[in-house]
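J.: Let me begin by handing over the structure; questions about it come next.
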Amino acid sequence: MAAQQPVPGTQTGLVIGEAEEFADASTRASVSIARDGRGGGAGRELPRKPFNFRRWFFATGWRHVVGVVMVVFSLFPIVFVISSSLNPHGTLTGSNALFSAIGLDSYVRILTDPQVPFLTWFGNTLMIAGITAVLTVFLGALAAYSFSRMRFTGRRFGLISIVVVQMFPQLLAVVAIFLLMSAIGDWFPAIGLNTHIGLIMVYLGGALGVNTYLMYGFFNTVPASIDEAAKIDGAGHARIFFTIILRLVAPILAVVALLSFIASVNEFVVASVLLIDTDKQTLAVGLTKLVSNPRYADWSAFSAGAVIAALPVVALFLFLQKYIVGGLTAGAVK
Amino acid sequence: MSTTIDDEVSAETPQQPTKKQRRAANIADAASGGLKMLLVKLLMLGLVDAIAIYGVIILASAEQWLVAAIVAVVAVIVNWIYFSRRKLPAKYLAPGVIFLVVFQVFVLVYTGYIAFTNYGTGHNGSKEQAVSSLMASSLQRVEDSPTYPVTVVDQGGTLGLLVTDPDGEALLGTNDAPLAPVDAEMDGDKAVAVDGWTTLQFGEVVTRTDEITALAVPFSDDPNDGALRTPDGSSAYLYLSNLEYDEAAGTMTNLDTGTVYSDIGTGAFTSDSGEELLPGWQIVVGFDNFVRAVTDERLAGPLVYVTLWTFAFALISVASTFFLGLFLAIVFNDMRMKGRKYYRVLMILPYAIPSFLSALIWAGMMNESFGFINQVLFGGASIPWLTDPVLAKFSVLLVNLWLGFPYMFLVCTGALQSIPEELQEAATVDGARPWAVFRLIKLPLLLVSVAPLLIASFAFNFNNFNVIYMLTDGGPRDSNAPIPVGFTDILISMVYKVAFTGQTRDYGLASAYSIIIFVIVAVISVIAFRRTKSLEELN
Numbered sequence: 001m002a003a004q005q006p007v008p009g010t011q012t013g014l015v016i017g018e019a020e021e022f023a024d025a026s027t028r029a030s031v032s033i034a035r036d037g038r039g040g041g042a043g044r045e046l047p048r049k050p051f052n053f054r055r056w057f058f059a060t061g062w063r064h065v066v067g068v069v070m071v072v073f074s075l076f077p078i079v080f081v082i083s084s085s086l087n088p089h090g091t092l093t094g095s096n097a098l099f100s101a102i103g104l105d106s107y108v109r110i111l112t113d114p115q116v117p118f119l120t121w122f123g124n125t126l127m128i129a130g131i132t133a134v135l136t137v138f139l140g141a142l143a144a145y146s147f148s149r150m151r152f153t154g155r156r157f158g159l160i161s162i163v164v165v166q167m168f169p170q171l172l173a174v175v176a177i178f179l180l181m182s183a184i185g186d187w188f189p190a191i192g193l194n195t196h197i198g199l200i201m202v203y204l205g206g207a208l209g210v211n212t213y214l215m216y217g218f219f220n221t222v223p224a225s226i227d228e229a230a231k232i233d234g235a236g237h238a239r240i241f242f243t244i245i246l247r248l249v250a251p252i253l254a255v256v257a258l259l260s261f262i263a264s265v266n267e268f269v270v271a272s273v274l275l276i277d278t279d280k281q282t283l284a285v286g287l288t289k290l291v292s293n294p295r296y297a298d299w300s301a302f303s304a305g306a307v308i309a310a311l312p313v314v315a316l317f318l319f320l321q322k323y324i325v326g327g328l329t330a331g332a333v334k
Numbered sequence: 001m002s003t004t005i006d007d008e009v010s011a012e013t014p015q016q017p018t019k020k021q022r023r024a025a026n027i028a029d030a031a032s033g034g035l036k037m038l039l040v041k042l043l044m045l046g047l048v049d050a051i052a053i054y055g056v057i058i059l060a061s062a063e064q065w066l067v068a069a070i071v072a073v074v075a076v077i078v079n080w081i082y083f084s085r086r087k088l089p090a091k092y093l094a095p096g097v098i099f100l101v102v103f104q105v106f107v108l109v110y111t112g113y114i115a116f117t118n119y120g121t122g123h124n125g126s127k128e129q130a131v132s133s134l135m136a137s138s139l140q141r142v143e144d145s146p147t148y149p150v151t152v153v154d155q156g157g158t159l160g161l162l163v164t165d166p167d168g169e170a171l172l173g174t175n176d177a178p179l180a181p182v183d184a185e186m187d188g189d190k191a192v193a194v195d196g197w198t199t200l201q202f203g204e205v206v207t208r209t210d211e212i213t214a215l216a217v218p219f220s221d222d223p224n225d226g227a228l229r230t231p232d233g234s235s236a237y238l239y240l241s242n243l244e245y246d247e248a249a250g251t252m253t254n255l256d257t258g259t260v261y262s263d264i265g266t267g268a269f270t271s272d273s274g275e276e277l278l279p280g281w282q283i284v285v286g287f288d289n290f291v292r293a294v295t296d297e298r299l300a301g302p303l304v305y306v307t308l309w310t311f312a313f314a315l316i317s318v319a320s321t322f323f324l325g326l327f328l329a330i331v332f333n334d335m336r337m338k339g340r341k342y343y344r345v346l347m348i349l350p351y352a353i354p355s356f357l358s359a360l361i362w363a364g365m366m367n368e369s370f371g372f373i374n375q376v377l378f379g380g381a382s383i384p385w386l387t388d389p390v391l392a393k394f395s396v397l398l399v400n401l402w403l404g405f406p407y408m409f410l411v412c413t414g415a416l417q418s419i420p421e422e423l424q425e426a427a428t429v430d431g432a433r434p435w436a437v438f439r440l441i442k443l444p445l446l447l448v449s450v451a452p453l454l455i456a457s458f459a460f461n462f463n464n465f466n467v468i469y470m471l472t473d474g475g476p477r478d479s480n481a482p483i484p485v486g487f488t489d490i491l492i493s494m495v496y497k498v499a500f501t502g503q504t505r506d507y508g509l510a511s512a513y514s515i516i517i518f519v520i521v522a523v524i525s526v527i528a529f530r531r532t533k534s535l536e537e538l539n
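Written out as structure tokens, the structure is:
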């Protein structure tokens, strides 16, 4: 199937054919080629060599083969789940014939099934993950600002200990978290066990961590002369932070918010231990328990739930993709 | 990296700023937000203080003096930090640090403490609680005892019994509070209402029957005096325990059989024949949990293979995702290739979908008899993807590769693009073949920047609970082990199962496992970070 696929690639082959004098076809082309290609179209007419499939294949064609194989590998579970979510009345077996039947019945079922408070779970998840993301970014940015812009005793120690403490993930201490929250619940039922505020507070325990570190690196790239100029103009530290720095580092804030959001959506252990009532639970806890329940055989409805649950995260991800790649890369090449 | 400024108002710097500097700082501060900022600050601090005072009052009334003191001290420190002109870094660090200390550092220390106790099912309270719970669970109705007219009352969800004793006096008690005299409103000979409590109407009594019949109101502070219970919500009878507690000797005697159970320091009343009365209570057991984890044959076996598998899982996951990601990064880093953007978007989709969903979907697809993979890809075969010990490990690795390669692909693409083009050109001019350029120049440079992320990825996978739990639930189950552990369990999922699943929860053992994992992770991280020296940059 790979052979028919690279239709857009054929075009590439033709354009790139202009720059074929570069011998090392298998390595990445330098920027100059791309520039040549672009400039060539505008100004002078380059002599066109006849299209040579062999040459094209060894230069870029095989890359499309790899790409198609990987796209198939990446997408087939996604295609499967979309297909079974559209299956009006599907068990697991019934979902195997892809797109054999199309209908939105399973979406209706998962949204209205009285046994499954899907919308409540969905709302809980969005609320918990959203609030956690915003507060994580805020707390992390405050810390990153002080680490990046101020010099104080214990700064280096603080930075290192944040990294070290983060190496012990919260889920290892989940027993202690459970006992702590149930003790808090005895005195302050509003923020203890089985409350969303309690869960958010536990998540905020991890607000200073890798995230702060990412932000710290980014804060450092903002020239300090901006701060100084603002200071000379009479701005205090709070104004500099809130009105200048936070705007300049917006991309990393978006990345951290998204990473934190996804992490909270995914978080299962602490949420499953702290949230007891079915109505309080998050998607991760609710859907997992649902599928592991042997009496629940409505795979289509679960798939529909999965699609709905994944949509906001995927949409956010694709929307912020540019920033995420930049953020990860900044982390990579620091 | 070092484009930072020195702030003149730093927390612990001993040298005093000059008068001029102080004045400048004051002017700057005053200009900073002015009245509005000050108001916001006051409002926020007022809120914090109000919450703290409320907390201290509640805690003090619960006689939790130590916790109350800690809350008070923290509140004072917070006020001091934000009203001071000097503690600038602290102002920015305090909010995050408070959460960090409570929910990371404290729970870590607390985990350490629990690991040295027998906390768990049957051992989750104090000795007094165990005594009253034992007495309550062995209550038997006393024949020919007087009948007490009662009224069921409610206060904020807590049920109480308003009892009229044979002398006509009104008494009130709950499950936790023994009977005490109250001023009640009488209706004939029967007390029917009392201030502060709501009298349950007949309908409510019927709907809450289960709660009401479970009520056992202690007669007095001495558990040996028995308790009042009501089968119908209108009259109560005296119930006595067939256990007798002798506080001086610390023994429980079963009045029916005459067996004496004594406190022999194991956290439960134990008879001479070794029979334990449960619930017991929580005691510090020292290194027992650790010793048990590594010497008890039925526990040590699983611990060893789970540890080995955890390492194998983490290492293979990192290696497989990295190499696939790197390979793809190289393949798609060719400027001549059109449509790279589309491939990239499609390939990072697995990374964008929440991993718990992907793992559940894969679990469905890998189902032995009904799954897509067996039914469609393998034409109806029944390959036990998730139920065979070896295949299940393979499946877990495959799914984790699917989940993880996009991240590595993104990271490697970024790292590759940051390697200067000139290096490649120079090497090519010098006559290096593409492979040599890659192996000798690019890969080492790439590794320098990616190594910290590989370590982070290892640490992440070392505790990658979701994939294991959602995909195989650690299974197939190892039937020889006394704890619910399976062949694909990694350490963290084993901790979760020991602590929170099954009939008996063993918080002590689970915490001991956590500590063991802490130590392993710490040793690895120290070694790894020493090697990469990635912390060198901090100064």
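Sequence lines, in order, name chains A and B. Residues in the first sequence are numbered from 1 upward in steps of one, following the UniProt record's numbering. Residues in the second sequence are numbered from 1 upward in steps of one, following the UniProt record's numbering. We treat Cβ as the ideally placed atom computed from N, Cα and C, and that holds for glycine.
1) Helix, strand or coil: how does DSSP classify A191 of chain B here?
2) Scan the stretch 18-100 of chain B and note each continuous alpha helix (DSSP H) run of 4 residues or more that stays entirely inside, going in chain order.
3) Between the stretch 453-464 of chain B and the stretch 268-284 of chain B, can you find at least three pairs of beta-carbon atoms closer than 8 angstroms?
4) Taking only beta-carbon positions, decide if I361 of chain B is within less than 7 angstroms of chain A.
5) Does A176 of chain A pass the burial test, meaning 16 or more other C-beta atoms within 10 Å, or should it be called exposed?
6) Enumerated in chain order, which unbroken segments of the alpha helix (DSSP H) with a length of 4 residues or greater are wholly contained in the stretch 100-181 of chain B?
7) Taking any Cβ of chain A, which residues in the stretch 508-521 of chain B have a Cβ under 8 angstroms from it, in chain order?
8) Would you say T93 of chain A faces chain B, with C-beta separation under 7 angstroms as the test?
9) Cβ of N463 of chain B less than 7 angstroms from any chain A Cβ?
10) Out of A:L259, A:Y213, A:S300 and A:P77, point me to the one whose CA is closest to L111 of chain A's CA.
11) If we ignore side chains and look at the alpha-carbon of each, how far apart do L59 of chain B and I184 of chain A end up?
12) For I373 of chain B, I'd like the list of residues in its chain whose CB is within less than 7 angstroms of its CB, leaving aside the five on either flank, ordered along the chain.
13) What residues from chain A crowd round G364 of chain B, counting only those whose CB sits closer than 9 angstroms?
14) Taking CB distances under 7 angstroms as the criterion, tell me whether I70 of chain B reaches chain A.
15) Expressed to the nearest angstrom, what Euclidean distance is found between the alpha-carbon atoms of A236 of chain B and S138 of chain B?
16) Please state whether the Cβ-Cβ distance between N242 of chain B and Q129 of chain B is less than 7 angstroms.
17) Starting from T278 of chain A, trace the beta strand (DSSP E) in both directions and tell me its first and last residue.
18) Give a yes or no on whether 7 angstroms exceeds the smallest Cβ distance from F219 of chain B to chain A.
19) Please confirm if L111 of chain A has its CB atom under 7 angstroms from at least one CB of chain B.
20) Jot down the residue ranges of each uninterrupted beta strand (DSSP E) in the stretch 237-280 of chain B, minimum 3 residues, whole runs only, in chain order.
21) Among residues of its own chain, excluding the 5 on either side of S272 of chain A, which ones have a beta-carbon nearer than 7 angstroms to its beta-carbon?
22) From A:V325, A:V314, A:Q321 and A:L318, pick the residue whose C-alpha is nearest to that of I353 of chain B; which is it?
23) Quick one: grab the DSSP three-state call for S235 of chain B.
24) Which residues mark the beginning and the end of the beta strand (DSSP E) in which A227 of chain B is found?
25) Are T121 of chain B and T504 of chain B closer than 7 angstroms when you measure CB to CB?
26) Put P294 of chain A into one of helix, strand or coil per three-state DSSP.
27) Please classify T488 of chain B: does DSSP put it in a helix, a strand, or coil?
28) What residue from B:P223, B:T209, B:V206 and B:A227 has the CA that sits closest to T216 of chain B's CA?
29) Can you confirm whether L443 of chain B, when its beta carbon is compared against all beta carbons of chain A, has any partner nearer than 7 angstroms?
30) Going by C-alpha distance, which of A:F57, A:P189, A:G205 and A:L75 is nearest G156 of chain B?
31) By Cβ distance below 6 angstroms, which residues in the same chain neighbour V521 of chain B in space, the five residues on each side in sequence not counted?
32) Specify, as a first and last residue, the run of the alpha helix (DSSP H) that V307 of chain A falls within.
33) Quick check: the Cα distance between D49 of chain B and P181 of chain B, rounded to an integer number of angstroms?
34) Among the residues of its own chain, which have a CB less than 8 angstroms from the CB of L132 of chain B, if the five just before and after it don't count?
35) For T282 of chain A, tell me which candidate among A:A263, A:M70 and A:Y296 has the shortest Cα-Cα distance.
36) Can you say whether R531 of chain B is buried or exposed, counting buried as having 16 or more other CB atoms within 10 angstroms of its CB?
T.: In brief:
1) strand
2) 19-61, 65-83 and 88-100
3) no
4) yes
5) buried
6) 107-114 and 127-137
7) A510, S511, S514, I517, F518 and V521
8) yes
9) yes
10) A:S300
11) 10 angstroms
12) M365, M366 and W385
13) F80, V81, S84, L92, S95, V291, W299, F302 and S303
14) no
15) 17 angstroms
16) no
17) Element bounds for T278 of chain A: n/a, residue is neither H nor E.
18) no
19) no
20) 243-246, 251-254, 260-263 and 269-271
21) V285
22) A:V314
23) strand
24) A227 to R229
25) yes
26) coil
27) coil
28) The identity of residue 216 of chain B in the sequence shown is Ala, whereas the question assumes Thr. It is B:A227.
29) no
30) A:P189
31) none
32) W299 to F319
33) 39 angstroms
34) What sits at residue 132 of chain B in the sequence shown is Ser, not Leu. Correct list, in chain order: P218 and P223.
35) A:A263
36) exposed
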